[in-house]
Structure formats: structure tokens, C-alpha cells
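*Asks:*
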């Protein structure tokens with residue numbers, strides 16, 4: 290995997306963009322894609338480091354960011370990337386407490402209720 294840019298911090302982890310340098314193997318007994326081989330190698334290397342394997346998780350996904358107009362016109366597809374996250378979500382990004390979540394939800398429901406009642410009242 291050849292990294293093509295700096296890791297990008299996102300909510301919950303990092304995006305690592307790059308190119309897979311492995312090629313597809315297609316012989317009679319083993320039909321592994323390059324992506325499967327890359328994930329296997331990353332998993333093996335992660336298991337060799339017990340401190341990292343207990344703290345980090347890796348995912349190989351298509352880039353979730355939207356394509357630019359130029360890329361769409363050229364017919365390019367989304368490129369895959371690695372997502373690195375922590376197994377302990379509290380350490381990577383703090384989660385708000387129950388009271389804050391409840392008050393936010395109640396405020397949203399109350400404002401939706403007042404808006405819907407207000408639009409009905411103002412109609413002739």
C-alpha cells in the first residue's frame with residue numbers, strides 16, 4: 290500500500306488514502322483479489338504487535354467523499370482507502386452524557402411540534 294497523502298482526521302479515526310501495490314492472483318487454486326491479500330497482510334502485521342492490535346482497527350473501504358465534477362466527467366470511480374479507528378471509542382472521541390443527548394432530542398421534538406402547530410394555525 291503506497292500512501293499518497295497525509296492521514297486525514299475524521300470523526301472516529303483517520304482516512305489514509307493510497308494505492309494498493311499488490312496485483313490480483315488468479316491461478317487454479319487461489320483466486321484472491323489484491324484487496325483481500327492487502328487486508329490479510331495488514332491483519333498479520335497487526336497481530337505481530339499486541340499493543341497495536343488491542344487498540345486499533347483497520348477497514349478498507351471506498352472513499353466516502355463525493356467525486357468532483359471533473360472526475361465524474363472523466364468516468365473515474367471512488368478510490369479505496371484505509372480507515373483507522375480505535376477500539377476504545379471514548380479515547381478517540383468523547384461521547385456526551387445521557388442528559389445532554391436527552392435534552393437535545395427533546396428540544397428537537399419540541400421545535401418540530403411548535404413549527405407544525407404554527408403552520409396549521411397560520412393557514413386561513
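Residue numbers (this note's numbering): 290 to 413. Each residue gets a CB set at the ideal place from its N, CA and C atoms; glycine is no exception.
If I follow the unbroken alpha helix (DSSP H) through residue 290, where does it start and stop?
*Replies:* Premise fails: residue 290 is in no alpha helix (DSSP H) and is neither H nor E.
*Asks:* In chain order, which continuous runs of the alpha helix (DSSP H) of length 4 or greater are located wholly inside the segment 333-367?
*Replies:* Here the runs fully enclosed are 339-342 and 358-363.
*Asks:* Please classify residue 310: does DSSP put it in a helix, a strand, or coil?
*Replies:* Coil.
*Asks:* What is the DSSP secondary structure of residue 406, reduced to helix, strand or coil?
*Replies:* Here residue 406 sits in helix by DSSP.
*Asks:* Locate the beta strand (DSSP E) running through residue 322, then write down its first and last residues.
*Replies:* Unbroken run through residue 322: none, as it is neither H nor E.
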